[in-house]
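Numbering (the working numbering), first residue to last: 47 to 188.
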């Protein structure tokens, strides 16, 4: 499967992490993502390993597993690994392809290059993360 440039941009724009990124920033990110295919059962991200990339599912499904329990099922347009491109810390869960799955992958060093070229991308991502953190914090207090 080869994902067109327009589809790459569309998938990136749909990810809440990049919701406020302008067209120029999305184009820069889209130019740096790579398409990666995973077979059913293949580990995409392993818990405890240092994460070096962010993934958006283009097609297929993946399971998020933490401490032996499935905590989420992800499909097209959904993403994971966003913390790893920011902090370089070990992954907190394992993500396994539930079926044949194609992802767009963005390495942390490519993300950093985009931020250096388009500083507005950093601000947009920070806003998206703040929104996500606020949502989690507020839901724990209600």
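Virtual Cβ for every residue (Gly too), placed ideally from N, Cα, C.
Considering only residues of the same chain and omitting the five flanking positions on each side of residue i, which have a CB-CB separation below 7 Å?
i           : result
residue 85  : 143, 146
residue 94  : 136, 137
residue 59  : 72
residue 153 : 98, 99
Tell me the DSSP bridge mates of residue i?
i           : result
residue 136 : 96
residue 118 : 110
residue 35  : The structure shown does not extend to residue 35, since the chain is modelled only from 47 through 188, so no value can be given for it.
Nearest to residue i by CA position, among the options, is which residue?
i           : options            : result
residue 83  : 130, 180, 131, 48  : 48
residue 81  : 176, 53, 72        : 53
residue 74  : 182, 181, 161, 170 : 161
residue 90  : 183, 124, 108, 104 : 108
residue 148 : 124, 183, 176, 134 : 124
residue 181 : 51, 62, 151        : 62
Taking all protein chains shown into account, do 16 or more other C-beta atoms lie within 10 angstroms of the C-beta of residue i, making it buried, or fewer, making it exposed?
i           : result
residue 128 : buried
residue 96  : exposed
residue 68  : exposed
residue 76  : buried
residue 104 : buried
residue 150 : buried
Within the same chain, show all residues whose beta-carbon is closer than 6 Å to that of residue i, passing over the 5 residues directly before and after it, in chain order.
i           : result
residue 110 : 117, 118, 139, 141
residue 157 : 131
residue 88  : 143
Got a sec: does the ligand NAP put a non-hydrogen atom nearer than 7 Å to the Cβ of residue i?
i           : result
residue 126 : In terms of ligand content, the structure shown is empty, and the ligand NAP therefore cannot be addressed.
- Would you list, in sequence order, the uninterrupted beta strand (DSSP E) runs of no fewer than 3 residues that lie entirely inside the stretch 125–186? 140–143, 147–153
- Query: Which whole runs of the beta strand (DSSP E) in the stretch 54–95 are 3 residues long or more, in chain order?
  - Reply: 80–84, 89–91
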